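Trainee:
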Ligand SMILES: [Zn+2]
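Residue numbers (our numbering): 65 to 225.
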């Protein structure tokens, strides 16, 4: 098994090619990603936001979904994620949930912002208290708010993740 810290530059270049082809094909934004293990590509993903009317269809999310489906798992333990651009906050969250070993990215979020894809706003919003965000997150406590967790704790057949 190759070191998880050393990028396979061919795979990284390949994600850039996929991102360029995605733009030329009119499928979505200029982003692509892939999941690989031991240098072998498990799944690819490109940005499909505008062609599928799915604001969550970022390249990394698409690649993670396809890789998990291909591997029949909800964790990408030991896998490498290659992406044409530094992940946005949503994809960062998805990456932490999927738990690959490492992420290699080509372009920076600064380059993405220069092209009109500015996710710095979201990072700034995360730092604010929920009720002060542009889209307010309002806590509404109810007597049943913990019911699903109570049910989860007592569920014997649950699959932890
Ligand atoms: Zn993203």
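Glycine residues also receive a C-beta, built at the ideal position from the N, C-alpha and C atoms.
Remember, it's a predicted structure, so these values are computed and weren't measured experimentally.
Using a Cβ-Cβ cutoff of less than 7 angstroms, which residues in the same chain neighbour residue 138 once the five nearest sequence positions on both sides are dropped?
Mentor: The residues are 132 and 225.
Trainee: Where DSSP assigns a beta bridge to residue 125, which residues make up the other side?
Mentor: None; residue 125 has no bridge partner.
Trainee: Residue 146 by DSSP, collapsed to three states: which one?
Mentor: Three-state DSSP puts residue 146 in a strand.
Trainee: Taking the CB atoms as reference points, tell me whether residue 112 and residue 90 lie closer together than 8 angstroms.
Mentor: Cβ atoms of residue 112 and residue 90: not closer than 8 angstroms.
Trainee: I'd like the span of the alpha helix (DSSP H) that includes residue 81, first residue to last.
Mentor: From DSSP, the alpha helix (DSSP H) with residue 81 extends over 73 to 88.
Trainee: Buried or exposed for residue 117, please, with buried defined as at least 16 other CB atoms from any protein chain shown within 10 angstroms of its CB.
Mentor: Residue 117 is exposed by the Cβ-count criterion.
Trainee: What residue does the beta strand (DSSP E) around residue 169 start on, and which one ends it?
Mentor: Unbroken beta strand (DSSP E) run through residue 169: 166 to 171.
Trainee: Just how far apart, CA to CA, sit residue 65 and residue 71?
Mentor: In this prediction, residue 65 scores a pLDDT of 49, lower than 50, which makes its location untrustworthy; no coordinate-derived value is stated.
Trainee: Decide if the stretch 189 to 197 is in contact with the stretch 154 to 162; the criterion is three or more beta carbon pairs, one per stretch, under 8 angstroms apart.
Mentor: No, they do not touch.
Trainee: Can you tell me whether residue 155 sits near ligand 1, meaning its C-beta is under 7 angstroms from at least one heavy atom of the ligand?
Mentor: Residue 155 Cβ: within cutoff of ligand 1.
Trainee: With a threshold of 7 angstroms (Cβ to nearest heavy atom), would residue 152 be considered close to ligand 1?
Mentor: True, at least one ligand heavy atom lies under 7 angstroms from that Cβ.
Trainee: Contact check, residue 127 vs residue 109 under 8 angstroms by CB: the rounded distance?
Mentor: Yes, residue 127 and residue 109 are in contact; Cβ-Cβ is about 3 angstroms, under 8 angstroms.
Trainee: With a threshold of 8 angstroms on Cβ separation, who are the neighbours of residue 172 within its own chain once the five nearest residues in sequence on each side are excluded?
Mentor: Answer for residue 172: 149 and 150, listed in chain order.
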